[in-house]
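Peer 1:
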Amino acid sequence: MIYDVVVVGSGFSAIATVCNLVELLPESSSVAVVGDDPGFGRGTAYRTELYLHRLNVPAGRMSLFADRPNEFVEWLREHNRPLGPGDFASRQDYGLYVRDTLAGVLRTKRPRCKVDFIKAKATGCIERYRTTLAFLLENGGEIAGRSVVLCLGVGNAKLPVDTSRLSSTALARIIENPWRLSWLQRVKADDTVCILGSGLTMIDQLLALCARGLRGHVAVLSRRGLAPRGHARAPKPPSALDIETLPTTMSELLRTLRRTSRYAGDWRTVMDALRPQTQTLWNRLPDAERSRFLRHALPWWNIHRHRVAPDVFERFQELVRGGQVSIHAGYLLDMVEQDEVVNLRYRARGRQDILSLCANWVVNCTGMERAGIAHSPLLREMQRQRLIKADPRGLGITVDPQSRVQHPDGSSVRIYVVGALSAGQFWEITAVPDIRAQARKVATSIAAIRQ
67 MIYDVVVVGS GFSAIATVCN LVELLPESSS VAVVGDDPGF GRGTAYRTEL
117 YLHRLNVPAG RMSLFADRPN EFVEWLREHN RPLGPGDFAS RQDYGLYVRD
167 TLAGVLRTKR PRCKVDFIKA KATGCIERYR TTLAFLLENG GEIAGRSVVL
217 CLGVGNAKLP VDTSRLSSTA LARIIENPWR LSWLQRVKAD DTVCILGSGL
267 TMIDQLLALC ARGLRGHVAV LSRRGLAPRG HARAPKPPSA LDIETLPTTM
317 SELLRTLRRT SRYAGDWRTV MDALRPQTQT LWNRLPDAER SRFLRHALPW
367 WNIHRHRVAP DVFERFQELV RGGQVSIHAG YLLDMVEQDE VVNLRYRARG
417 RQDILSLCAN WVVNCTGMER AGIAHSPLLR EMQRQRLIKA DPRGLGITVD
467 PQSRVQHPDG SSVRIYVVGA LSAGQFWEIT AVPDIRAQAR KVATSIAAIR
517 Q
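In this text, residue positions in the sequence shown follow this note's numbering: the first is 67, and each later residue adds one.
Structure representation (structure tokens):
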């Protein structure tokens, strides 16, 4: 069957795009959503059932629609969650909100376009007559679209060392995907744990372990030993920043931002001023400076930009101060089996000596893969056919400012990208406030063609 639009993906980016398409497309249009995740819209981040797993953006900025900023807060109130716009809701509640919003959009009483959800993985594609793109499905089916929106996310990053020589007993104690929370049931109260990675995923898994009564020590190991900072309980207004006057070399830019932070008295006000203008700043940076940012400044950007709820941060600090959690900076060299524990050898940051950590459990919290083409057979096939082009810095797919893929061979198939795969063009495109704006723009562009 040929659809007017085929949306490939089943996470938040896909659902945000579908909701906007339903609002904007004429009723004669048809949309297919292709994805193999049974929980359309919730994905890994919003499927967690642990109440301690919080959003790291206040509820007042998490509406699925930018022009209805209070929608999520109103949903919380209707569901007896007494939270205000500045509070941090649970990720489970947000997943339920996304599910309910999608259902509400599809139940609308006004005439709307047709939407089909196809629970299958797209494994290949074929361009038909330069006007449609047909997707081959793992169940043997095939669908085609005149316009295509790629909303594929990124997977959990792989372990940084080879574990093929470890026994099955040792491998059972190494958790490669921590979001399969059933592993928590096997951890004993006095077990020791080593978490690889010190970002937001580490915070989530640490809280989950403690909620289940873990008393044993938790060692956190990452390249730089940097952990996320916390949001302020009483945030100050953003600083005044003129993006157009900021330097475009990393050294001068960092010097300017540090100086502004000292004057402001709270670095958060500077980060909050940058937040809505990050894409503009990214587009002003020369290619060489973007690469320098990724090589040298990215870890510091992440811990200051992607902060955690104030009470979550305070709980984490308590665990560190109390000695149950220790943070280590170093480069992991290998893992070997030693009795009933795993011995992790690492080279300490800034030193040449080799140190060791022993733990009953090793948990991979190195985060998500950097958006790219290599992890997806479908994207690799699209690249082979020259339908898409990889971003030179490994940040997904090359798109224009309208999120559209440019075809050098004259094809008229319209391919758009929403979400993390467009990071090369927009950089800051993983948080809900950015994705919802992008999804609206893409849906508007597609609707203009169908009018």
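Ideal Cβ placement from N, Cα and C applies to all residues, glycine included.
Assuming the contact rule is C-beta atoms closer than 8 Å, Ile-81 and Val-164 should be a hit. Round their C-beta distance to whole Å, please.
Peer 2: Locating residue 81 in the sequence shown gives position 15, counting from the first residue. Locating residue 164 in the sequence shown gives position 98, counting from the first residue. So it is a contact: roughly 6 Å between Cβ atoms.
Peer 1: Return the chain-ordered ranges of every beta strand (DSSP E) run that is complete within the stretch 472-517 and spans a minimum of 3 residues.
Peer 2: Whole beta strand (DSSP E) segments, 3+ residues: 480-483.
Peer 1: Could you please give the first and the last residue of the uninterrupted beta strand (DSSP E) stretch that includes Val-283?
Peer 2: Here residue 283 refers to the residue found at position 217 when the sequence shown is read from its first residue. It is worth fixing the name first, because residue 283 is His in this sequence and not Val. Where His-283 is concerned, there is no enclosing beta strand (DSSP E), given that its DSSP letter is neither H nor E.
Peer 1: Looking at the unbroken alpha helix (DSSP H) that takes in Ser-317, where does it start and where does it end?
Peer 2: For the purposes of this step, residue 317 is taken as the residue at position 251 of the sequence shown. 316-330 is the extent of the alpha helix (DSSP H) around Ser-317.
Peer 1: Can you say whether His-297 is buried or exposed, counting buried as having 16 or more other CB atoms within 10 angstroms of its CB?
Peer 2: What you label residue 297 is simply residue 231 of the sequence shown in a count that begins at 1. His-297 comes out buried.
Peer 1: Using 8 Å as the threshold, is the stretch 167-186 in touch with the stretch 79-99, meaning 3 or more CB pairs across them?
Peer 2: Flag = yes, the stretch 167-186 and the stretch 79-99 touch.
Peer 1: Counting only runs that start and end within the stretch 388-412, where is the beta strand (DSSP E) found for 3 or more residues in a row?
Peer 2: List check, beta strand (DSSP E) in window: 391-404.
Peer 1: Taking contact to mean 3 or more Cβ pairs, one atom from each stretch, closer than 8 Å, check whether the stretch 198-217 and the stretch 124-138 are in contact.
Peer 2: With the cut-off at 8 Å, the stretch 198-217 and the stretch 124-138 do not touch.
Peer 1: Please report how far the alpha carbon of Thr-335 lies from the alpha carbon of Lys-302, in whole angstroms.
Peer 2: By one-based count along the sequence shown, residue 335 stands at place 269. By one-based count along the sequence shown, residue 302 stands at place 236. Between Thr-335 and Lys-302, the C-alpha separation is close to 6 Å.
Peer 1: Would Ala-277 be called buried (16 or more neighbouring beta carbons within 10 Å of its own) or exposed?
Peer 2: To locate residue 277, count along the sequence shown from 1; it is residue 211. Exposed, since its Cβ has fewer than 16 Cβ neighbours within 10 Å.
Peer 1: What do you reckon, are the CB atoms on Phe-193 and Gln-472 nearer than 8 Å?
Peer 2: Along the sequence shown, one-based indexing puts residue 193 at 127. Along the sequence shown, one-based indexing puts residue 472 at 406. As written in the sequence, residue 193 is Glu, which differs from the Phe given in the question. No, they are not a contact pair.
Peer 1: Check whether the Cβ atoms of Leu-225 and His-394 lie closer than 8 Å to each other.
Peer 2: Along the sequence shown, one-based indexing puts residue 225 at 159. Along the sequence shown, one-based indexing puts residue 394 at 328. Contact flag unset, no.
Peer 1: Under three-state DSSP, which class holds Gly-206?
Peer 2: Residue numbering aside, residue 206 sits at position 140 when the sequence shown is read from its first letter. In this structure, Gly-206 counts as coil in the three-state DSSP scheme.
Peer 1: In terms of residue numbering, what span does the alpha helix (DSSP H) encompassing Phe-78 cover?
Peer 2: For the purposes of this step, residue 78 is taken as residue 12 along the sequence shown, with counting starting at 1. It spans 78-90 - the alpha helix (DSSP H) in which Phe-78 sits, taken as one unbroken run.
Peer 1: Is it buried or exposed, Gly-211, if we count other Cβ atoms within 10 angstroms and call 16 or more buried?
Peer 2: The count along the sequence shown starts at 1 and reaches residue 211 at position 145. Buried, by the Cβ-count rule.
Peer 1: For a quick check, are the C-beta atoms of Met-401 and Val-428 less than 8 Å apart?
Peer 2: In the sequence shown, residue 401 corresponds to position 335, counting from 1. In the sequence shown, residue 428 corresponds to position 362, counting from 1. Against a cut-off of 8 Å, the Cβ pair of Val-428 and Met-401 comes out as a contact.
Peer 1: Around the C-beta of Ile-515, are 16 or more other C-beta atoms found within 10 angstroms, so that it is buried, or is it exposed?
Peer 2: Within the sequence shown, numbered from 1, the residue matching residue 515 stands at position 449. With fewer than 16 other Cβ atoms within 10 Å, it is exposed.
Peer 1: Do the CB positions of Asn-86 and Ala-375 come within less than 8 Å of each other?
Peer 2: The residue given as residue 86 occupies position 20 in the sequence shown. The residue given as residue 375 occupies position 309 in the sequence shown. Against a cut-off of 8 Å, the Cβ pair of Ala-375 and Asn-86 comes out as no contact.
Peer 1: Specify the secondary structure class of Glu-193 as computed by DSSP and reduced to three states.
Peer 2: Counting from one through the sequence shown, the residue named residue 193 turns up at place 127. Of the three classes helix, strand and coil, the one that applies to Glu-193 here is strand, per DSSP.
Peer 1: Do Leu-444 and Ile-463 have their C-beta atoms within less than 8 Å of each other?
Peer 2: As a working note, residue 444 is residue 378 in the sequence shown. As a working note, residue 463 is residue 397 in the sequence shown. The answer is no: Cβ separation not under 8 Å.
Peer 1: Does the structure place the stretch 398-412 close enough to the stretch 148-161 that three or more beta carbon pairs sit under 8 Å?
Peer 2: The answer is no - the stretch 398-412 does not touch the stretch 148-161, with fewer than three Cβ pairs under 8 Å.
Peer 1: Flag this pair as touching only if the stretch 414-421 and the stretch 157-173 have three or more C-beta atom pairs under 8 Å; answer yes or no.
Peer 2: No: the two stretches stay apart, fewer than three of their Cβ pairs being nearer than 8 Å.
Peer 1: Just list the residues that DSSP pairs Tyr-69 with in beta bridges.
Peer 2: By one-based count along the sequence shown, residue 69 stands at place 3. Paired residues: Gly-211.
Peer 1: Ends of the alpha helix (DSSP H) at Ile-439?
Peer 2: To locate residue 439, count along the sequence shown from 1; it is residue 373. Unbroken run through Ile-439: none, as it is neither H nor E.
Peer 1: Between Gly-265 and the rest of its own chain, which residues show a CB-CB distance below 6 Å, the 5 nearest in sequence each way excluded?
Peer 2: Locating residue 265 in the sequence shown gives position 199, counting from the first residue. The residues are Gly-433.
Peer 1: Considering only DSSP beta bridges, list what Gly-101 is partnered with.
Peer 2: On the sequence shown, position 35 is the one that residue 101 refers to. Beta-bridge pairing links Gly-101 to Lys-185.
Peer 1: With DSSP as the reference, label Ser-96 as helix, strand or coil.
Peer 2: For the purposes of this step, residue 96 is taken as the residue at position 30 of the sequence shown. DSSP places Ser-96 in strand when its eight states are reduced to three.
Peer 1: Does the distance from the CB of Ala-186 to the CB of Val-100 come in under 8 Å?
Peer 2: Residue numbering aside, residue 186 sits at position 120 when the sequence shown is read from its first letter. Residue numbering aside, residue 100 sits at position 34 when the sequence shown is read from its first letter. Closer than 8 Å, so yes.
Peer 1: Could you pull out every residue in the same chain whose Cβ sits closer than 6 Å to the Cβ of Trp-348, ignoring the five residues on either side in sequence?
Peer 2: Counted from its first residue, the sequence shown places residue 348 at position 282. The residues are Trp-493.
Peer 1: Could you check which residue in Thr-229, Arg-178, Gly-460 and Asp-103 has the C-alpha nearest to that of His-408?
Peer 2: Here residue 408 is taken as the residue at index 342 of the sequence shown, counted from 1. Looking at the sequence shown, residue 408 is not His but Val. The option with the nearest alpha carbon to Val-408 is Thr-229.
Peer 1: Using a Cβ-Cβ cut-off of 8 Å (strictly less than) and excluding sequence neighbours within five positions of Arg-289, which residues of its own chain qualify?
Peer 2: For this step, residue 289 is matched to residue 223 along the sequence shown. For Arg-289, where only same-chain residues beyond five positions count, the Cβ hits under 8 Å are Pro-365, Ala-395, Gly-396, Tyr-397 and Arg-415.
Peer 1: Do Leu-320 and Leu-312 count as a contact pair if the criterion is CB distance below 8 Å?
Peer 2: As a first step, residue 312 must be located in the sequence shown, where it is residue number 246. As a first step, residue 320 must be located in the sequence shown, where it is residue number 254. No, they are not a contact pair.
Peer 1: Looking only at DSSP bridge pairs, what is Lys-180 linked to?
Peer 2: Counted from its first residue, the sequence shown places residue 180 at position 114. Answer is Ser-96, bridged to Lys-180.
Peer 1: Tell me which same chain residues have a C-beta within less than 7 Å of the C-beta of Ala-587, skipping the five on either side of it?
Peer 2: Coverage of the chain is limited to positions 67 through 517, which leaves residue 587 absent and any answer about it impossible.
Peer 1: State the Cα-Cα distance for the pair Glu-355 and Leu-423, rounded to the nearest angstrom.
Peer 2: Taking the sequence shown and counting its residues from 1, one reaches residue 355 at position 289. Taking the sequence shown and counting its residues from 1, one reaches residue 423 at position 357. Between Glu-355 and Leu-423, the C-alpha separation is close to 37 Å.
Peer 1: Measure the alpha-carbon distance for Gly-490 versus Val-479 and round it to whole angstroms.
Peer 2: As a first step, residue 490 is located in the sequence shown; it is residue number 424 there, counting from the start. As a first step, residue 479 is located in the sequence shown; it is residue number 413 there, counting from the start. So the alpha carbons of these two residues sit roughly 22 Å apart.
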